[in-house]
Structure formats: C-alpha cells, structure tokens
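The working numbering puts the first residue of the sequence shown at 936, with every later residue one more than the last.
Following: one structure in structure tokens, then a few remarks.
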Amino acid sequence: VFTTVDFGKMSINLIEQAQKQNKNTFVAFNQEIVHIEKKDDIFILKTSNHQEYHAKSVVVNAGAHSLYLAHKMNLGMDKSCWPVAGSFYLTKQKLLNGKVYMVQNPKLPFAALHGDPDLLADMNTRFGPTALVIPKLERYHGLKSVPEFFEALKLDKTVLKVTFNMFKDATIRNY
C-alpha cells in the first residue's frame, strides 16, 4: 500500500476517464498561454505559438502561475500570493514505507517537514521540504517571472500589513 501518488499517472487516468464520457473534452499540454480573457460566457486562450482556443470552462494547473492566470481571467482579484519554493533531499536507499510527518506548527500550515518513499526514484526516501520565499513564480528560470510575481502579488496596504506581520513573527521569519 502506497501513501504517495504518482500525479502523472493519475492525470493520464483522469483524462482517459473524462474522454470516455462522450463530452467535448480537449486537453492540451506544453503550450504557453500568453493571454486569457473572458468574453460573455466563453474563455479565449492565446498561446505563444499563435493558437487560439475557445472554451466554456478551463482548468489551469500552473503551480505558482495559477493565481497570475486567474487574475488574467478577472478571477480572484482580491487574492495575493507570496510564493514559497521547496526542495527535497533524496537518500540513496529506502528508509520509510510510508509518510512520516513532524508535528505541524499551527503558524506554518502545510510546512511540516516529512519523509516519504519517492515513487519515481526507486522508492528511495526523500526528506523535506525546505522553504524559501522568493520574488518570482518560476524558481529555475532566471528572472523571467519576476514581473509576473509582482502582478500576482497585487501589492497594496493589506498585503504590506500581512507581509510585515509575517516577518515580525520569529517563528515564521526564521523558518
């Protein structure tokens, strides 16, 4: 019994199941969406290679870019985001059979360090995540996403107040 999910395989299965429903289901991968807008009840998506898609509904699975793209659709305009990058350390052996978590600190939801077997690395154990607040949406792509970070941040008095309160709290700041 595994406690870890292979999200790639799960996604493929979800797509296959959706396509069996005899609905108009279209899935596109590895296309950079450069513009999304909503006209009436239809979303118009434009790609970097000049393709255009029209859809009644859109699933945006874009990691740190999700809020940025939601804002492009005029959704979640009252939301802001401070991206936190996390890394895992991978052992060269299987040390655990399932997930093992530290006790969660209520001030740091979803930040509990844990260990688990990595399905994609011969079940070798990984430990993490580390946490690093960074002012960009793509950690390993240079400075390209810094402007997008500031758009998604929606910097205003409320965001400044929340940021100040986070950094004045030693538990959060030192993490």
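Cβ atoms here follow ideal geometry from the backbone N, Cα and C, with glycine treated the same way.
Excluding sequence positions up to five away, which residues of its chain have a Cβ less than 6 Å from the Cβ of residue i?
i, result
"Cys1016", "Leu1002 and Ala1087"
"Leu1078", "none"
"Gln1039", "Ala1047"
"Ala953", "Thr960"
"His1000", "Leu1072"
"Val993", "Phe978"
"Lys973", "Met1008"
"Ser946", "none"
Thinking C-alpha only, which one of the options is nearest residue i?
i, options, result
"Ala1020", "Gly1050, Ile1069 and Met1058", "Ile1069"
"Phe942", "Val1081, Arg1074, Leu1054 and Leu1010", "Leu1054"
"Phe1084", "Gln954, Lys1014 and Phe961", "Lys1014"
"Ser1080", "Leu1004, Phe961 and Ala1066", "Leu1004"
"Asn996", "Phe964, Tyr988, Glu987 and Leu1010", "Phe964"
"Leu1067", "Val993, Lys955 and Tyr1110", "Tyr1110"
"Gly1011", "Asp1104, His1076 and Lys1089", "Lys1089"
"Thr1065", "His985, Pro1082 and Phe1045", "Phe1045"
Quick one: give me the first and last residue of the beta strand (DSSP E) that residue i is part of.
i, result
"Thr1106", "Unbroken run through Thr1106 is the alpha helix (DSSP H), Ala1105 to Asn1109; no beta strand (DSSP E)."
"Val969", "Ile968 to Lys974"
"Pro1052", "His1049 to Pro1052"
"Glu987", "Glu987 to Ala990"
"Leu980", "Ile977 to Thr982"
"Phe1062", "Thr1060 to Gly1063"
Would you kindly report the start and end of the unbroken alpha helix (DSSP H) that includes residue i?
i, result
"Leu1004", "His1000 to Lys1007"
"Lys944", "Phe942 to Gln954"
"Pro1044", "Looking at the DSSP string, Pro1044 is not in any alpha helix (DSSP H), and its letter there is neither H nor E."
"Leu1010", "Premise fails: Leu1010 is in no alpha helix (DSSP H) and is neither H nor E."
"Leu1088", "Val1081 to Leu1088"
Write down the C-beta distance between residue i and residue j rounded to the nearest angstrom, noting that I regard them as a contact closer than 8 Å.
i, j, result
"Pro1018", "Leu1072", "6 Å"
"Lys1007", "Thr1106", "Not really, about 35 Å apart at Cβ, beyond 8 Å."
"Phe934", "Gly998", "Residue 934 lies beyond the residue range present for the chain, which begins at 936 and ends at 1110; the question has no answer from this structure."
"Ile950", "Val940", "That belief does not hold up - the Cβ atoms of Ile950 and Val940 are roughly 16 Å apart, past 8 Å."
"Phe1102", "Arg1108", "5 Å"
In chain order, what residues of the same chain have a beta carbon less than 8 Å from the beta carbon of residue i, not counting five sequence neighbours either side?
i, result
"Val1035", "His1049, Gly1050 and Asp1051"
"Asn1032", "Pro1052"
"Asn987", "Reading the sequence as shown, one finds Glu at residue 987 and not Asn. If we look at Glu987 and ignore the five residues flanking it on each side, its Cβ neighbours are Ile979, Leu980 and Lys981."
Could you tell me if the beta carbon of residue i falls within a distance shorter than 7 Å of some heavy atom in the ligand FMN?
i, result
"Val994", "Summarising the ligand content, the structure contains no ligands, and the ligand FMN is consequently not present."
For this session: Taking 8 Å as the threshold, find out whether the region 1047-1056 comes into contact with the region 971-981 through three or more Cβ pairs.
Result: no
Exercise. At a cut of 8 Å, does the region 980-997 reach the region 963-970 through at least three beta carbon pairs?
Worked result: yes
Exercise. Quick check: the region 1056-1063 against the region 1020-1029, are there 3 or more CB pairs under 8 Å?
Worked result: yes
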